[in-house]
Each structure stands twice: as C-alpha cells, then as structure tokens.
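Chains as they are written, first to last, in the numbering used here: chain A, 141 to 340; chain B, 141 to 340.
Listed below in structure tokens is the structure:
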C-alpha cells in the first residue's frame, strides 16, 4: 500500500511510520518534513494532496490541544484544539477523500481524555470526543468502500516526562503498542471503530 | 431555585420551562425572549448574565448544527454547529460559572447522534460528542460544588415532521420526557453524567 502519514515527525508519528514502513510505501508529511503541511491551513492541506496524489491510506498522528485549568479557559484557548487537532483532521478527511483509492482508509488520532478526564484537560477532552463521534458518523457516509477509524490511547511511556504530571495514576503504554492499533486500522477491514489502547 | 433557561422559546425549551416552573422561579432567555441572548456572541452572553445576575441553575435547551451529506461538507458548514451548539454552550459555562451560586448546576443539551449516527449527521455527531466529553471533563474542575450534566435524547415526537426523514427507524420520545431528564439534572445531585433519553 501507499500510505500518507501526516504528523510523521512526532513521537507517535515516528512509531507509526516505523511499523507501517516494514510492509508499505510510506510518505511522511509534517510541518518540517519532506512533504510539508500545516493542518490548520486548508490551503496547505490542498497543496499537500496535490503533491502526493492518490494513496491507499491516510493516517493522522499529530494534533495539538491546550492544557490548562478550566478556571482560566477562554474561547480562544478552546480554539487551539478545535482548529488544530479537531478541524485539522476533519479537513484532511474532507479534502483527502478524493485522493484515496477505492477501499482506502483514514485513521485519525483521538485520546483517552474523551471519556477519562484529567484536570486541565477540558480542551483535549472536548476535541477527542468530537473526533470519536465524527469517525462514527463519517464511517456510514464515505464513498467507494473507504473506511475511517480512530486510535484513542492513554499517555505514552515516551511522553511521561512532559505529560506525567497531568496523568498521575494512568498506566502509560509504549508508543509502539499504539502504532499497532494504527496498523490494525490500516491493514484490517473495520470501519467506524475507536481502537482504544491502554484503557484500564 | 432561581433557574435560567437559555433557548427557552424552542420545542425543548418550552417543555423544560413548563416542567421546572412548576416548582421554581424560571427566567427564560432566547434570541427573541424577554431576556435576549445570541449564544454565538460572547458579548451577548456577558450582557445576559449582567442582566440576570446570580442563579442556582443554568439550563441550555437550544443549539443549531448543520444537517447535510458528508460529500458536500465544508469547514464553514462544520463551523455552524461548532460556533452555535458547541461553543455557545461552552462559552455559557465559561462565563456563567461566576453567576452560579454555590452548589449550582449547568445542564447542557447534547444528542443521540454522538454515538448513533445518521446520514447527513456528521456535524451534529461531532458537536454532540464534543459536548458529552466536555461535560465529563468540566465536572471534575468546576468550583464551589457546582455540577454539570448533559441531556442526550433521541428525536422528539414533536419534531418528527421536520426531522423524521433523517431519523427513520428511531423511536421518538415525547419532549416532556426529555424535560424530565433536565429536572433530574437540576434537582438531583449528580455531576459529570450524560442523561440518555430514548436510546434503544
């Protein structure tokens, strides 16, 4: 398969590229990669697809949200996650559908905060919940046998230095295990599923 | 209790006002009501709270989303639900917290499409999923014993003329039953709960 991985330069993206490139032709896109894309910018998304052309799978492994207390939350801080992790991925689906071959797939990235909240996590929770529900809904409308799933993991072992204080008591998972869920989505036949990794 | 109902003029809002006003002092706000508010406008929300003052419960019963096929979806159409039903309610929570008395409550409105998709429902699904997850996350951070829940119902009997074609096979519920869930949220003691009405 020819697979486009968007956000390939991050912790998760690198692990997903490592897993999928064992068996497939992987194109890596990121803000600083060979193929450049800023998912907050619809024109940048269009330019990326024009450069890459048709693929068999589109995988998203990045997305920013704001972490901070509800008492200091503002509409502008809520927009951080809405414009980046949420609408970045939604716009990649809306634009990317025509670049997927028949029977192709989207795999989005969500996260455990959709249902397991932490302090300072309202923006991430909102965004992850939106992604999960979008995936379930888009799955029944995509044309030509195109599938869509999301991977929703707990905190990664490799990210504990930064995110550990937010996730006390959560058992982290190796990011390589999360990459396996992306493989299941891309190389399996399921659609409309949220692959949960490391939920206790 | 002194209860502010935002969106009081709609089908759901009228039923919630009818239920709660049996026992409480209800203030009705809507785009055309005695107390005027446009939830898409942060300044309008602030003006409403300045006019109403402190209350014991804030209830939301309105919110628009776009219904249309995924194949014709655009970022702008996705924004319809994000700016209205989603961020309208989030901003009402962010601004309204300081206007709630100790132990007060928010009750938001979500919907069955968060997990039970229909064709043409991607915007509503995304928005409802975001609201459910926001409620779960905000519940653990609100101060002074303030609670927050959402009511997530299936299609209303009273709305079948308009929404029936979208919801074939769904068993509609009387909107008065949905209003009872708002009463349970406001007059109960639960927080962080999605009250599901008419899920089969």
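Note that the Cβ used here is the ideal one computed from N, Cα and C, for glycine as well.
Residues of its chain near residue i, where Cβ-Cβ distance is below 6 Å and the 5 sequence neighbours each way are ignored
| i | result |
| --- | --- |
| residue 209 (chain A) | 260 |
| residue 229 (chain A) | 200 and 248 |
| residue 243 (chain B) | 285 |
Contact set for residue i: own chain, Cβ-Cβ below 8 Å, skip 5 residues either direction
| i | result |
| --- | --- |
| residue 204 (chain B) | 220, 221, 224 and 225 |
| residue 316 (chain B) | 155, 158 and 159 |
| residue 297 (chain B) | 312, 313, 314 and 315 |
| residue 272 (chain A) | 250, 254, 290, 292 and 334 |
| residue 329 (chain B) | 287 |
| residue 217 (chain B) | 206, 208 and 263 |
| residue 342 (chain A) | Shown here, chain A extends from 141 to 340; a query on residue 342 (chain A) therefore has no answer. |
| residue 168 (chain A) | 145, 148, 149, 153, 157, 174 and 175 |
Length of the line joining the Cα atoms of residue i and residue j
| i | j | result |
| --- | --- | --- |
| residue 320 (chain A) | residue 214 (chain B) | 32 Å |
| residue 334 (chain A) | residue 266 (chain A) | 16 Å |
| residue 166 (chain A) | residue 194 (chain B) | 57 Å |
| residue 293 (chain A) | residue 252 (chain A) | 5 Å |
| residue 184 (chain A) | residue 338 (chain B) | 43 Å |
| residue 186 (chain B) | residue 235 (chain B) | 7 Å |
| residue 257 (chain B) | residue 278 (chain B) | 25 Å |
| residue 310 (chain B) | residue 301 (chain B) | 13 Å |
| residue 231 (chain A) | residue 141 (chain B) | 44 Å |
| residue 262 (chain A) | residue 246 (chain B) | 15 Å |
| residue 325 (chain B) | residue 180 (chain A) | 37 Å |
| residue 170 (chain B) | residue 304 (chain B) | 25 Å |
| residue 164 (chain B) | residue 270 (chain B) | 30 Å |
| residue 275 (chain A) | residue 332 (chain A) | 6 Å |
| residue 189 (chain B) | residue 239 (chain B) | 7 Å |
| residue 198 (chain B) | residue 162 (chain A) | 54 Å |
| residue 196 (chain B) | residue 241 (chain B) | 5 Å |
| residue 306 (chain A) | residue 212 (chain A) | 16 Å |
| residue 299 (chain A) | residue 268 (chain A) | 18 Å |
| residue 327 (chain A) | residue 233 (chain B) | 42 Å |
| residue 342 (chain A) | residue 295 (chain B) | Lying outside 141 to 340, the shown extent of chain A, residue 342 (chain A) is not represented and no answer is given. |
| residue 318 (chain B) | residue 227 (chain B) | 22 Å |
| residue 151 (chain A) | residue 202 (chain B) | 41 Å |
| residue 237 (chain B) | residue 237 (chain A) | 41 Å |
Three-state secondary structure assigned by DSSP to residue i
| i | result |
| --- | --- |
| residue 271 (chain A) | helix |
| residue 244 (chain B) | strand |
| residue 211 (chain B) | helix |
| residue 282 (chain B) | coil |
| residue 186 (chain A) | helix |
| residue 265 (chain B) | helix |
| residue 319 (chain B) | helix |
| residue 306 (chain A) | helix |
| residue 154 (chain B) | helix |
| residue 337 (chain A) | strand |
| residue 324 (chain B) | helix |
| residue 252 (chain A) | helix |
| residue 165 (chain B) | strand |
| residue 224 (chain B) | helix |
| residue 299 (chain B) | helix |
| residue 94 (chain B) | This structure leaves residue 94 (chain B) out entirely; chain B is present only between 141 and 340. |
| residue 329 (chain A) | coil |
| residue 177 (chain B) | coil |
| residue 277 (chain A) | helix |
7 Å Cβ shell around residue i - same chain, five flanking residues per side excluded
| i | result |
| --- | --- |
| residue 340 (chain A) | 311 |
| residue 323 (chain B) | 159 and 160 |
| residue 191 (chain B) | 175 |
| residue 336 (chain B) | 292 |
Three-pair Cβ contact test at 8 Å for the segment 172-185 of chain B versus the segment 144-161 of chain B:
yes
So, does the segment 274-294 of chain B touch the segment 283-303 of chain A, judging by three or more C-beta pairs under 8 Å?
no
Interface residues of the segment 221-238 of chain B facing chain A [CB-CB below 9 Å]
222, 226, 227, 230, 231, 233, 234 and 237
Contact set between the segment 277-300 of chain B and chain A, restricted to residues whose Cβ is under 9 Å from the partner:
277, 278, 279, 280, 281, 282 and 283
Under 9 Å (Cβ pairs) to chain B, residues found in the segment 251-266 of chain A
253, 254, 255, 256, 257, 258, 259, 260, 261, 262, 263, 264, 265 and 266
Can you list, in chain order, the residues of the segment 196-220 of chain A whose Cβ is nearer than 8 Å to any Cβ on chain B?
209, 210, 211, 213, 214, 215 and 218
Counting only Cβ-Cβ distances shorter than 8 Å, please list the residues of the segment 303-317 of chain B near chain A, keeping chain order.
none
Using Cβ-Cβ distances below 7 Å, what residues of the segment 147-164 of chain B are close to chain A?
none
Which residues, in chain order, does the segment 165-185 of chain A contribute to contact with chain B at a C-beta distance below 9 Å?
182
Chain-ordered residues of the segment 324-339 of chain B with a beta carbon less than 9 Å from chain A
332
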